[in-house]
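K.L.:
Residue numbers for the sequence shown follow full-length UniProt numbering, beginning at 1 and rising by one.
The beta-carbon is built from N, C-alpha and C at its ideal position, and this holds for glycine as well.
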Amino acid sequence: MPPPIKKKSEKVSKKVGWHELPQQEITPEVKREIQAMRLHGTLDPKCFVKGGIEKRLKEPIPDRFQFGHIIPSGRSSSTGTEAIPKKRSFVEALIADEEAKGWTKKKYVNEVQISGASGGKGFWKNLQKKRKKNMI
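Spelled out as structure tokens, the structure:
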């Protein structure tokens, strides 16, 4: 007699060995959160985030994970530092971060816009202005 055939759902439900994390449904919001966490190291060049960006982007999105929130202790408020504003998601917290905004804006203006304008109408006009300044 052949062995009984196991259903796929039984196999998935029994696969809860690693820290017993539940299997999550990957919605567009969850996918955006995970991508933001992977790209977090590029937002602040002075902050070290473990792992290289190339390695993290090549890895597939995990199917077993959980999101958590950092709860400040009672002692942190007594030190006189400002409380971290609570946001609903990691992406919202990054958008609210003023230092990250300033750094990304500077990076965008200095690198992305200059490379995008190369060879275009704006690039040509700027080149003409530079030539006129040098001739005068």
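Spatial neighbours of Gly-21 within its chain, please: CB distance less than 8 angstroms, with the 5 preceding and 5 following residues excluded, ordered by chain position.
P.N.:
Per the sequence shown, residue 21 should be read as Leu rather than Gly. Same-chain partners within the cutoff: Arg-64, Phe-65, Gln-66.
K.L.:
Rounding to the nearest angstrom, what Cα-Cα distance links Gly-122 and Asn-110 in this structure?
P.N.:
Whole-angstrom Cα-Cα distance: 15 angstroms.
K.L.:
So the candidates are Glu-25, Cys-47, Asp-97, Ile-61; which of them puts its Cα closest to the Cα of Gln-35?
P.N.:
If we check each option's Cα against that of Gln-35, Ile-61 comes out closest.
K.L.:
Which first and last residues belong to the alpha helix (DSSP H) in which Asn-110 is found?
P.N.:
Run containing Asn-110: none; DSSP gives neither H nor E here.
K.L.:
For chain B, find out if any of its Cβ atoms is closer than 8 angstroms to the Cβ of Trp-124; answer yes or no.
P.N.:
No chain B appears in the structure shown, which is made up of a single protein chain.
K.L.:
Tell me which residue opens and which closes the alpha helix (DSSP H) that Ile-34 is part of.
P.N.:
Segment 28-38, the alpha helix (DSSP H) holding Ile-34.
K.L.:
Hey, would you say Leu-43 sits closer than 8 angstroms to Thr-104, going by beta carbons?
P.N.:
Taking 8 angstroms as the Cβ cut-off, Leu-43 and Thr-104 qualify as a contacting pair.
K.L.:
Please state the DSSP three-state secondary structure of Gln-128.
P.N.:
Gln-128 falls in the helix class under three-state DSSP.
K.L.:
Take Lys-46 as the anchor and find which of Glu-99, Glu-29, Glu-25 has the nearest alpha-carbon.
P.N.:
For the residues Glu-99, Glu-29, Glu-25, the minimum Cα distance to Lys-46 belongs to Glu-99.
K.L.:
My guess is that Arg-32 and Val-91 are in contact by the Cβ rule of under 8 angstroms, so how many angstroms apart are they, rounded?
P.N.:
Indeed, because the Cβ distance is near 6 angstroms, the residues count as touching under 8 angstroms.
K.L.:
Do the CB positions of Val-30 and Gln-23 come within less than 8 angstroms of each other?
P.N.:
It is not a contact, given that the beta carbons lie outside the stated cut-off.
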